[in-house]
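Asks: Below: one structure in structure tokens.
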């Protein structure tokens, strides 16, 4: 085994590095799944009793316990739950008795849609602003932009959301206050409805990436290789985009991945402010009605997404850094 | 006023009564004082002197580099008749890389880590030799790498800087400086920190390059031995002035200025006995005796 690993590392260090990261992510996912299962399992009271409510008879509780096979050892129930989840069976809602997947798919689609649009705006915008701040370092433009993004980061996202609704919906009447995208008739209609949530989420997310990009770009612009590139007479735009930026992107990519992970989980507040039918709102409802399968499924999906995004950031950073993906002399 | 000996060849570099100051606290402190320097075409001039005497500042200024906290208080620098302080950024870019090649002290940190050697060389060619099409650029890059001693230039072109040793990185930096065939090559202590073998190989390479081309060389080093193998002339700087300027053999054989004499005396010689045997024993102050340890 050790010999096979050594050979793989020698043949293709990048493949081995990616494989190692994927394996580590898989282990992380297993650990998180154990934590989610245990956290729900050790909640005070009986799961069947919680599902049926205080008025339930002992007989009905016993029947439900038997149906849910709650008498089995925890390790057996964990294995069954994870196996079912991986094979696509997310369980049955304890409230409506319908498959969890039926509840999960539309909000998941909505959350992914909002997240994708937010990221499509967030990534180029924050990298561009970070780059502008670095290139105009310590000028009024840099100071102004840095102050603006810091203010946006410091104000809670729900305050930004409400502020946007008051200004752009109530006062100016430019955008709808609610993001009811099920009523959208076209893509443009949908984007119009999502404008304010996209703005609110970007206001909260952009500052960190702008700061990271600015700081790492300034460090790279002061490096020896950038100075020597200038002294070789290369065009300024090429120096910034081709020589400096790739070296400065690593920290920014990690910050973007953290933001994306936050977006999947932390979008709940903005979903509530704009009444957006996403995963966050479903999670809140699941908690309110003690619907354990829904809570577990959403928690596992959010954790899995978090791990997958970090894995993508790791691989992205690796691909950008030749020292990590190639063998030294 | 301090000056170098006048060059007998047509001057390529002409520095006239140059005074350069750095801001320290609230005041400007001179680092180069009324310095005159003339370098003829095809000459190889060594600039020697202690750290902080203004050697690297002079090289930086010959590249038209400006830095916050540094100013030219008086005088002018001309390369091929162009006063560097009057050139626009675009004109300076046309001069750097195309007509003036530069090799910094640390070859490794001067190479963009995310770009392959081929891309680095082609970047310079694209900027300064736009008439070359892509295949011609690649061929020129390959040819230059072979010229600086890479036996497998095709393999080297595909690798990243970190995949080379320190000496190889320095040779790549030299290839980058030479790829667009400049008239003036500035080397700022390229052998500092390198072992003797790498130093020797780099000097041999530069001697060979001189033999094959008309390139003018300014080689900055505090090591007179390194300069003696390559340079026609050595200028010794001290406290921002050229205090000695003469043909290499003359500087090494008959240094005149006290600082130049000290510098020449400090050159290590294999045939000379170690200083602690030269009328002195261990423990007399040169090296601690065993009893004092």
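Residue numbers (the working numbering), protein chains in the order written: chain A, 735 to 1063; chain B, 24 to 316. Every residue gets a Cβ at the ideal spot worked out from N, C-alpha and C, and that includes glycine. Being a predicted model, the structure only gives us computed values, none of them experimental.
1. Under a CB-based cut-off of 8 Å, is residue 186/B close to chain A?
2. Starting from the beta carbon of residue 871/A, find every residue of chain B whose beta carbon is closer than 9 Å, and list them in chain order.
3. Taking the beta carbon of residue 202/B as the centre, do at least 16 other beta carbons fall within 10 Å, making it buried, or is it exposed?
4. Residue 13/B CB to nearest chain A CB: under 8 Å?
5. Output needed for residue 849/A: all residues of its chain with C-beta closer than 8 Å, excluding positions within five of it in sequence on either side, in chain order.
6. What's the gap between the Cα of residue 253/B and the Cα of residue 197/B?
7. From 125/B, 209/B, 130/B, 273/B, pick the residue whose C-alpha is nearest to that of residue 186/B; which is it?
8. Given a threshold of 16 other Cβ atoms within 10 Å of its Cβ, counted over all protein chains shown, does residue 767/A qualify as buried or as exposed?
9. Identify every residue that forms a DSSP beta bridge with residue 270/B.
10. Counting only C-beta atoms, is residue 993/A closer than 8 Å to chain B at any point?
11. Rounded to the nearest angstrom, what separates residue 786/A and residue 795/A at their Cα positions?
12. Are the beta-carbon atoms belonging to residue 909/A and residue 903/A less than 8 Å from one another?
13. Starting from residue 947/A, follow the alpha helix (DSSP H) in both directions and report where the run begins and ends.
14. Inspect the CB distances between the stretch 225-242 of chain B and the stretch 260-278 of chain B and report whether three or more fall short of 8 Å.
15. Mind the definition here: the stretch 942-959 of chain A touches the stretch 1015-1033 of chain A only if three or more C-beta pairs lie below 8 Å; say whether that holds.
16. Output the distance between the C-alpha atoms of residue 152/B and residue 971/A, rounded to the nearest integer angstrom.
17. Please classify residue 1025/A as buried or exposed, where buried requires at least 16 neighbouring CB atoms within 10 angstroms.
18. Can you tell me whether DSSP reads residue 248/B as helix, strand or coil?
19. Residues of the stretch 935-961 of chain A with a CB closer than 9 Å to any CB of chain B: list them in chain order, please.
20. Relative to chain A, which residues along the stretch 59-73 of chain B have a C-beta separation below 8 Å, given in chain order?
21. Could you check the C-alpha separation between residue 747/A and residue 1057/A for me, to the nearest Å?
22. For a contact defined as C-beta to C-beta under 8 Å, what are the partners of residue 150/B on chain A?
23. Helix, strand or coil for residue 110/B per DSSP?
24. Counting along the chain, where does the alpha helix (DSSP H) carrying residue 53/B start and finish?
25. Alpha carbon to alpha carbon, what distance is there between residue 245/B and residue 74/B?
26. Whole-angstrom Cβ separation of residue 959/A and residue 142/B, contact assumed at under 8 Å?
27. List the endpoints of the continuous alpha helix (DSSP H) containing residue 1054/A.
28. Are the stretch 882-896 of chain A and the stretch 931-944 of chain A touching, with three or more C-beta to C-beta distances below 8 Å?
29. Check whether chain C comes within 8 Å of residue 93/B, counting only Cβ atoms and requiring the distance to be less than that.
30. Counting pairs of beta carbons, one from the stretch 96-103 of chain B and one from the stretch 39-53 of chain B, are three or more of them closer than 8 Å?
31. Roughly how many angstroms lie between the CA atoms of residue 119/B and residue 866/A, to the nearest whole one?
32. Flag residue 1143/A as yes if its beta-carbon sits less than 8 Å from any beta-carbon of chain B, otherwise no.
33. Using a Cβ cut-off of 7 Å, pull out every chain A residue sitting near residue 183/B, in sequence order please.
34. Quick check on residue 868/A - is its C-beta less than 8 Å from some C-beta in chain B?
35. Enumerate in chain order the residues of its own chain whose CB-to-CB distance from residue 115/B is below 7 Å, with the five nearest sequence positions on each side excluded.
36. Between which two residues does the alpha helix (DSSP H) holding residue 959/A run?
Replies: Based on what the coordinates show:
1. yes
2. The contacting residues do not exist; residue 871/A stays about 11 Å from chain B at best.
3. Label assigned to residue 202/B: buried.
4. A question about residue 13/B goes unanswered here, because the residues of chain B that appear run from 24 up to 316.
5. 994, 997, 998, 1001
6. 15 Å
7. 130/B
8. buried
9. 256/B
10. For residue 993/A, the answer is no, since every Cβ of chain B falls outside 8 Å of its Cβ.
11. Just so you know, the alpha carbons of residue 786/A and residue 795/A end up roughly 7 Å apart.
12. yes
13. 921-955
14. no
15. Contact annotation: the stretch 942-959 of chain A does not touch the stretch 1015-1033 of chain A, with fewer than three C-beta pairs closer than 8 Å.
16. 18 Å
17. buried
18. helix
19. 957, 958, 959, 960, 961
20. In summary, no residue of the stretch 59-73 of chain B has a CB separated from any CB of chain A by less than 8 Å.
21. 11 Å
22. 966, 967, 968, 969, 972
23. coil
24. No alpha helix (DSSP H) holds residue 53/B; the beta strand (DSSP E) holding it covers 50-63.
25. Residue 74/B and residue 245/B: Cα-Cα distance of roughly 8 Å.
26. That belief does not hold up - the Cβ atoms of residue 959/A and residue 142/B are roughly 13 Å apart, past 8 Å.
27. It spans 1026-1054 - the alpha helix (DSSP H) in which residue 1054/A sits, taken as one unbroken run.
28. yes
29. Although the question refers to chain C, the structure presented lacks it and instead comprises the protein chains A and B.
30. yes
31. 26 Å
32. Residue numbering for chain A in the displayed model covers 735 to 1063; residue 1143/A lies beyond these limits and cannot be assessed.
33. 1056, 1060
34. no
35. Excluding positions up to five away in sequence, the list reads 87.
36. For residue 959/A, the enclosing alpha helix (DSSP H) stretches over residues 958-965.
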